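Scroll down for the structure; my scribbles are underneath it.
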Amino acid sequence: MEAFSNQTTQILSNYTSYTLKKIMKNIRNPASKKQDMIRSIIFYLSNPENEPNFSYVFPKELLNDLAIILPDKNIKCICDKTSGNNLIFCRTCNKKQHISCMGSLSMLKFYECTSCMIIKMNPADEVLDFLVSPYMIGQQIIRKSFNYTESLKNEVFSNKSNIEIQFRCIKIQKPGYCMSWPNKAELYINNMSIRKFKQSSFISKKNDIDLGLITAIKIGINEIWMTKDSDNDDYALAVVKVRKLTNEEILQKMSKVFILKDKSIEFIKAKFSDDNEIKSCSIRLNLKCPYTLRIINIPVRGKDCSHLSCFDLKIFIDIQKYENYSWKCPICKKLAYEVYIDKYFEEILNGCKNIDKLEGIQLKDDGSYDEIYFEDEDNSLKRKCDENEHPNKKLKKDSEYVFIKDSQPSRQCVIIIDD
Ligand SMILES: [Zn+2]
Ligand SMILES: [Zn+2]
Ligand SMILES: [Zn+2]
Numbered sequence: 001m002e003a004f005s006n007q008t009t010q011i012l013s014n015y016t017s018y019t020l021k022k023i024m025k026n027i028r029n030p031a032s033k034k035q036d037m038i039r040s041i042i043f044y045l046s047n048p049e050n051e052p053n054f055s056y057v058f059p060k061e062l063l064n065d066l067a068i069i070l071p072d073k074n075i076k077c078i079c080d081k082t083s084g085n086n087l088i089f090c091r092t093c094n095k096k097q098h099i100s101c102m103g104s105l106s107m108l109k110f111y112e113c114t115s116c117m118i119i120k121m122n123p124a125d126e127v128l129d130f131l132v133s134p135y136m137i138g139q140q141i142i143r144k145s146f147n148y149t150e151s152l153k154n155e156v157f158s159n160k161s162n163i164e165i166q167f168r169c170i171k172i173q174k175p176g177y178c179m180s181w182p183n184k185a186e187l188y189i190n191n192m193s194i195r196k197f198k199q200s201s202f203i204s205k206k207n208d209i210d211l212g213l214i215t216a217i218k219i220g221i222n223e224i225w226m227t228k229d230s231d232n233d234d235y236a237l238a239v240v241k242v243r244k245l246t247n248e249e250i251l252q253k254m255s256k257v258f259i260l261k262d263k264s265i266e267f268i269k270a271k272f273s274d275d276n277e278i279k280s281c282s283i284r285l286n287l288k289c290p291y292t293l294r295i296i297n298i299p300v301r302g303k304d305c306s307h308l309s310c311f312d313l314k315i316f317i318d319i320q321k322y323e324n325y326s327w328k329c330p331i332c333k334k335l336a337y338e339v340y341i342d343k344y345f346e347e348i349l350n351g352c353k354n355i356d357k358l359e360g361i362q363l364k365d366d367g368s369y370d371e372i373y374f375e376d377e378d379n380s381l382k383r384k385c386d387e388n389e390h391p392n393k394k395l396k397k398d399s400e401y402v403f404i405k406d407s408q409p410s411r412q413c414v415i416i417i418d419d
């Protein structure tokens, strides 16, 4: 409190008596000597009940100056401080964080706080609750505690509930949204070391840690902390209660977002008209899942993907358990924990004459297309020769195209990669 009043006195002293008198009028206080006015204002500021009135009692400039010391319940930052300036708004939960704490993550085009990132980072596990909100793992060791109740334990050990308590950690550096543990660190619960992280252990760096099965955890209050060395980056660590979803549930959850046909056609036209993108008036587009090489069923792209090609949502979900739930787009490798269905591509697939023989489409710059079907071996060979004669006729010179083997060994098909 003393520090608060000293700092506030310092700030208020910079303002004229005229400004302070106006504030006194707003708070209906008769004091008129500068010192008395400052004392009254400090008293007014320290009452949390007055907080909702701050914005019309005080001039904006003064409020900005006071932001360094005034608690703000909308600030929820990994540093645990509830005051300060130079803040950034999370676009999902509307809470504010210090730009200095969020490092390069604050520069993301669509900025979200670490809590929101941790919620989204693995669509396979639905975050129900934060037992420990994300907090900064920096140079200082900070101890945090959470209550592991009997009923929570029962949930964890029940076969039906699919509840897990997990440690999750992200680096305060782009890209965020994925599990990342420090290079050299040790994690403790109740004075017991439960995990050591080494530079080389790639697998454990990528995984969340299931806490329910760890013997160090006990009913009641549990204390956690992490030591970190030889790693200058900062991290945010959290303990979450999650429900593990079935693949059908994940599919339902992830198939809610889509773009309609007209928007998709706009996107296609933009790709053709952009000078740096496609340089011909039509391109051959593969409609096969990059994993199974079968025709796509639910065509999706990641939220951040900028390519025309789609991948199959169901296969993408099925494959995650073999890919450490990394949710990386199989085409451009960007994070794709949020995807959208392309309704135009869905219509193309649903409307095609013979889905079993469909290979892809020749997509034109106005968004229209021709279906491409498996040809018989002779034609296929002939086509290959044609392409060899004029290798640049259809394909760009640079590495925009990647060849992947088709299911028939003598043939190749094309998928398009944007960087
Ligand atoms: Zn902060
Ligand atoms: Zn948020
Ligand atoms: Zn992509």
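Using UniProt numbering, read the sequence shown as starting at 1 and increasing by one per residue.
Every residue, glycine too, gets a C-beta built ideally from N, C-alpha and C.
As the structure is a prediction and not an experimental result, all values here were calculated from the model.
When every heavy atom of ligand 2 is checked, does at least one fall within less than 7 Å of the C-beta of K95?
yes
heavy atom of ligand 2 below 7 Å from E112 C-beta
yes
As assigned by DSSP and simplified to three states, the class of T292:
coil
Use the C-beta contact count for K76: other C-beta atoms within 10 angstroms, 16 or more gives buried, fewer gives exposed.
buried
Which of helix, strand or coil DSSP assigns to G351:
helix
For ligand 3, any of its heavy atoms closer than 7 Å to the Cβ of A336?
yes
Let's test the definition: count the other Cβ atoms within 10 Å of the Cβ of E61 and tell me whether it reaches 16, buried, or not, exposed.
exposed
Given that a residue counts as buried once 16 or more other Cβ atoms are within 10 Å of its Cβ, and exposed if not, what is K288?
buried
DSSP three-state label for I163, please.
strand
Just to confirm, is the Cβ distance from I296 to L349 under 8 Å?
yes
What's the call for Q166, buried or exposed, on a 16-neighbour Cβ count within 10 Å?
buried
According to DSSP, is N286 helix, strand or coil?
strand
Which residues have their C-beta within less than 5 Å of a heavy atom of ligand 5, listed in chain order?
This structure lacks ligand 5; its bound ligands are ligand 1, ligand 2 and ligand 3.
Can you tell me whether residue 426 is buried or exposed, with buried defined as 16 or more other CB within 10 angstroms of its CB?
Since the displayed the chain opens at 1 and closes at 419, residue 426 lies outside it and no answer follows.
Mapping the DSSP letters down to three states, classify Q252 as helix, strand or coil.
helix
Please report the distance separating the alpha-carbon of Q320 from that of Y337.
11 Å
Rounded to whole angstroms, what's the CA-CA distance from S17 to N47? Just pull it up for me.
23 Å
A238 burial status per 10 Å Cβ neighbour count (16 or more: buried)
buried
Name, in chain order, the residues that DSSP records as bridge partners for C169.
L237
Backbone secondary structure at E377 - three-state DSSP
Confidence at E377 is low in this model, with a pLDDT of 43, below 50, so its placement is unreliable and no value can be given for it.
Beta-carbon proximity list for V127, same chain, < 8 Å, skipping 5 on both sides
I118, I119, V240, K241, V242
Based on DSSP bridge pairs, tell me the residues matched to R243.
E126, I163
Is the region 259-275 in contact with the region 190-201, if contact means three or more CB pairs nearer than 8 Å?
no
Would you check whether ligand 3 has a heavy atom nearer than 7 Å to the C-beta of C178?
no
Taking the alpha carbon of L293 as the reference point, which residue from Y325, P330, C116, C113 has its own alpha carbon closest?
P330
Decide if the region 302-310 is in contact with the region 221-233; the criterion is three or more beta carbon pairs, one per stretch, under 8 Å apart.
no
From this set, F4, R301, M37, C281, which residue's C-alpha is nearest P290's C-alpha?
R301
Please state whether DSSP places D386 in a helix, a strand or coil.
Residue placement at D386 cannot be trusted, given a pLDDT of 43 that sits under 50; what the coordinates show is reported in the next sentence. In the structure shown, D386 sits in a helix (DSSP, three-state: H, G or I).
Measure the Cβ-Cβ separation of K144 and V132 and say whether it is below 8 Å.
yes
S17, DSSP secondary structure in three states:
helix
Rounded to whole angstroms, what's the CA-CA distance from Q173 to A236? Just pull it up for me.
10 Å
In the region 75-162, which residue ranges form an unbroken alpha helix (DSSP H) of at least 4 residues, counting only runs that do not cross its ends?
99-102, 114-120, 150-157
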